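There are 2 protein chains.
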Amino acid sequence: MNNNRDFIEKLRSSGLRPTKQRLEICKLLFDRKKTFHFTISDLSKILKKETIKKISLATIYNTVHSFKKKGYLKEISIDTEKTYFDTNTSNHHHFLDISTNELIDLKEDDVDNIKIKKNLPGKKIRSIEVLVKIENNN
Amino acid sequence: MNNNRDFIEKLRSSGLRPTKQRLEICKLLFDRKKTFHFTISDLSKILKKETIKKISLATIYNTVHSFKKKGYLKEISIDTEKTYFDTNTSNHHHFLDISTNELIDLKEDDVDNIKIKKNLPGKKIRSIEVLVKIENNN
DNA sequence: CAGTACTTTAGAATCATTATAAATTACATC
DNA sequence: GATGTAATTTATAATGATTCTAAAGTACTG
Ligand SMILES: [Mn+2]
Ligand SMILES: [Mn+2]
Ligand SMILES: [Zn+2]
Ligand SMILES: [Zn+2]
Numbered sequence: 218m219n220n221n222r223d224f225i226e227k228l229r230s231s232g233l234r235p236t237k238q239r240l241e242i243c244k245l246l247f248d249r250k251k252t253f254h255f256t257i258s259d260l261s262k263i264l265k266k267e268t269i270k271k272i273s274l275a276t277i278y279n280t281v282h283s284f285k286k287k288g289y290l291k292e293i294s295i296d297t298e299k300t301y302f303d304t305n306t307s308n309h310h311h312f313l314d315i316s317t318n319e320l321i322d323l324k325e326d327d328v329d330n331i332k333i334k335k336n337l338p339g340k341k342i343r344s345i346e347v348l349v350k351i352e353n354n355n
Numbered sequence: 218m219n220n221n222r223d224f225i226e227k228l229r230s231s232g233l234r235p236t237k238q239r240l241e242i243c244k245l246l247f248d249r250k251k252t253f254h255f256t257i258s259d260l261s262k263i264l265k266k267e268t269i270k271k272i273s274l275a276t277i278y279n280t281v282h283s284f285k286k287k288g289y290l291k292e293i294s295i296d297t298e299k300t301y302f303d304t305n306t307s308n309h310h311h312f313l314d315i316s317t318n319e320l321i322d323l324k325e326d327d328v329d330n331i332k333i334k335k336n337l338p339g340k341k342i343r344s345i346e347v348l349v350k351i352e353n354n355n
């Protein structure tokens with residue numbers, strides 16, 4: 218879906234030099250059909266497997282944080298034990314499967330419009346996000 | 218609303234000895250009208266102010282975790298920077314005021330019934346929780 | 001190519017949390 | 001009320017994820 222040229226462009230256009238390391242990480246994170254939810258540790262393990270030359274852990278942290286700062290990743294609070302990042306940076310809802318610990322995006326249409334009846338004077342709503350915990354049926 | 222006798226009973230009935238330290242912390246956490254959302258650091262600061270004899274940080278951690286295990290507290294994922302606990306242990310929704318960083322419980326009635334249209338085969342819903350971020354109006 | 005700012009890196013520092021193990025306390029039994 | 005035992009508290013050390021540092025390497029500009 219995305220090729221290297223696209224990523225080089227994407228990085229350059231946001232003032233980040235397209236280094237080998239950043240391009241590897243872009244390919245891994247953004248060259249997918251479905252949203253990717255990951256921890257630094259997940260990412261680190263995958264990179265270790267799939268990459269010829271080792272990328273240092275500091276670089277992985279640096280890259281993820283600069284991608285977050287540029288708006289290419291979103292940090293999400295799902296689990297108090299782990300810090301997750303999300304390649305879907307829009308406001309959106311999640312299924313969290315507590316049997317498998319898998320996190321799945323819900324589409325706009327998957328959740329009926331949510332109406333908040335309470336409102337606080339002087340305050341307006343910035344975002345609404347739903348976390349639906351699911352588990353095995355039996 | 219609650220007096221010491223109630224807390225002693227509550228602790229005993231769940232197999233926890235009613236120590237001075239636990240009773241202090243009970244009073245601080247549970248003797249309130251409104252839900253209390255806090256971090257260990259918040260709790261620690263308040264205890265430092267309001268308590269004659271110092272309660273060690275290890276005890277604060279131990280107590281909060283045993284209260285959580287007994288179901289008197291719930292750990293919530295709101296912010297990736299901080300770990301919050303909640304004296305409201307039911308499934309419920311929150312306002313997070315990003316102008317003041319204040320966390321407020323929403324009542325059942327404050328949010329219209331949420332309908333999840335998608336369902337995964339073999340999975341059932343365990344809980345649905347909404348986080349509504351609000352901010353100053355202007 | 002040369003100069004410069006940006007980036008990567010290994011390793012050190014930080015800090016929240018957990019573990020350890022000794023001293024203290026709660027409580028059952030006498 | 002004294003005694004024995006297990007639970008609890010405590011100071012302190014250990015852990016582990018994340019951030020910092022500063023030196024070496026790289027990308028880009030002219
Ligand atoms: Mn925890
Ligand atoms: Mn972070
Ligand atoms: Zn997502
Ligand atoms: Zn709450």
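Residue numbers (the working numbering), protein chains in the order written: chain A, 218 to 355; chain B, 218 to 355. Note that the Cβ used here is the ideal one computed from N, Cα and C, for glycine as well. Note that the structure is a prediction, hence the values are computed from the model and not measured.
Every unbroken alpha helix (DSSP H) within the region 256-335 of chain B, with a cutoff of 4 residues, ordered by chain
257-267 and 274-286
Hey, would you say residue 341(B) sits closer than 8 Å to residue 333(A), going by beta carbons? no
What residues match up with residue 226(A) in a beta bridge as DSSP calls it? The partner list for residue 226(A) (beta bridge, DSSP) is empty, contrary to what the question assumes.
Determine which residues of the region 322-337 of chain B have a Cβ less than 8 Å from any Cβ of chain A, and write them out in chain order.
323, 324, 326, 327, 328, 329, 331, 332, 333, 334, 335 and 337
Q. In chain order, what are the residues with a CB under 6 Å from some non-hydrogen atom of ligand 3?
A. 252(A), 254(A), 303(A), 305(A), 309(A), 311(A) and 322(A)
- Which class does residue 355(B) belong to by DSSP, given the choice of helix, strand or coil? coil
What distance in whole Å lies between the Cβ atoms of residue 290(A) and residue 306(A), which are believed to be in contact at a cut-off of 8 Å?
7 Å
- Item | chain B residues whose Cβ lies nearer than 7 Å to that of residue 285(A) | Neighbours of residue 285(A) on chain B: none; closest Cβ ~11 Å, over 7 Å.
Given residue 339(B) as reference, the closest of 325(A), 344(A), 316(A) and 349(A) once Cα atoms are compared | 316(A)
Exercise. Once you ignore the five residues that flank residue 238(B) on each side, which residues in its own chain have a CB closer than 7 Å to its CB?
Worked result: 272, 276 and 280
Does any C-beta atom of chain A lie closer than 8 Å to the C-beta of residue 354(B)? yes
Whole-Å CB distance - residue 246(B) paired with residue 267(B), under 8 Å assumed: Wrong, their Cβ atoms sit about 12 Å apart, outside the cutoff.
State yes or no: is the beta carbon of residue 292(A) nearer than 8 Å to at least one beta carbon in chain B? yes
From the DSSP output, which residues share a beta bridge with residue 337(A)? DSSP lists no partner for residue 337(A).
Residue 244(B): first and last residue of the uninterrupted alpha helix (DSSP H) it sits in
237-247
Can you check whether the CB of residue 287(B) is closer than 8 Å to the CB of residue 327(A)? no
- Query: Does ligand 6 have even one heavy atom less than 7 Å from the beta-carbon of residue 265(B)?
  - Reply: Annotation note on ligand 6: not contained in the displayed structure, which lists ligand 1, ligand 2, ligand 3 and ligand 4 as its ligands.
- prompt: If the cut is a Cβ gap below 8 Å, which residues of chain B does residue 351(A) touch?
  reply: 337, 340, 341, 342 and 343
Practice prompt. Go ahead and label residue 303(A) buried or exposed: buried means 16 or more other beta carbons lie within 10 angstroms of its beta carbon, across all protein chains shown.
Written response: buried
- Task: Consider the Cβ of residue 295(A): report whether some Cβ of chain B lies at a distance smaller than 8 Å.
- Result: yes
| message | Taking 8 Å as the threshold (C-beta atoms), are residue 311(B) and residue 348(B) in contact? | response | yes
Let's test the definition: count the other Cβ atoms within 10 Å of the Cβ of residue 230(B) and tell me whether it reaches 16, buried, or not, exposed. exposed
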